[in-house]
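Read through the structure below, which is laid out as structure tokens, and then see the notes.
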Amino acid sequence: MPDGEEKKWLEWVDNHLVPICRSTSEALESFDYIATHGNFSLTERFRLVAKYPGEAAMPETWVDALKGRDYLGGSEPNLADLAVFDVLRPNRYLTSGKDMVKHTRIGEWYSRMENAVGEPA
9 MPDGEEKKWL EWVDNHLVPI CRSTSEALES FDYIATHGNF SLTERFRLVA KYPGEAAMPE
69 TWVDALKGRD YLGGSEPNLA DLAVFDVLRP NRYLTSGKDM VKHTRIGEWY SRMENAVGEP
129 A
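Each residue of the sequence shown is one higher than the last, beginning at 9 in the numbering used here.
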């Protein structure tokens with residue numbers, strides 16, 4: 009069972025992080041990716057892409073939550089780390105994902121998560 013901090017950040021993922029889209033073109037790019045690579049209904053696809061546009065600051069919020077730790081879970085990822093990574097990973101090779109890793113402090117954490125989790129199936 010997740011502890012209080014882990015539960016707080018799992019709720020943050022559901023309520024604030026999904027997804028990170030800063031513009032109409034990025035929303036359309038994300039929608040196209042989800043439509044062709046995801047197993048979602050049409051309603052779920054629109055919800056995933058349009059729920060929280062303009063949330064480019066969310067990765068910085070996550071890095072602040074780490075408080076200098078490699079992962080929220082400490083030396084190993086916990087469920088919250090995995091949930092954030094799960095949301096961010098599909099965007100990694102889109103414009104917003106490339107910018108996120110290059111221009112925010114989340115890049116180091118993201119690289120650690122890629123190594124910990126491995127390649128997608």
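Where is the CB? At the ideal position from N, CA and C, for every residue including glycine.
Remember, it's a predicted structure, so these values are computed and weren't measured experimentally.
Can you list, in chain order, the residues of its chain with a C-beta nearer than 6 Å to that of residue i? Leave out the 5 residues immediately preceding and following it.
i   : result
R77 : none
L25 : M66, V95
Kindly list the residues whose CB is nearer than 7 Å to the CB of residue i, restricted to its own chain and excluding five residues on each side of it in sequence; keep chain order.
i    : result
E127 : none
D89  : Y79, L80, G81, M121
F93  : M121, V125
Buried or exposed: which applies to residue i, given that a residue is buried once 16 or more other Cβ atoms fall within 10 Å of its Cβ?
i   : result
N23 : exposed
N99 : buried
Taking just the CA atoms, how far does residue j sit from residue i?
i   : j    : result
N86 : H111 : 25 Å
K7  : S119 : Since the first residue of the chain shown is 9 and the last is 129, residue 7 is not available in this structure.
Check each candidate in the options and name the one with the smallest Cα separation from residue i.
i   : options              : result
S83 : P98, W117, R97       : W117
V71 : L102, W17, G12, S104 : W17
Return the chain-ordered ranges of every alpha helix (DSSP H) run that is complete within the stretch 74 to 109 and spans a minimum of 4 residues. 87 to 96
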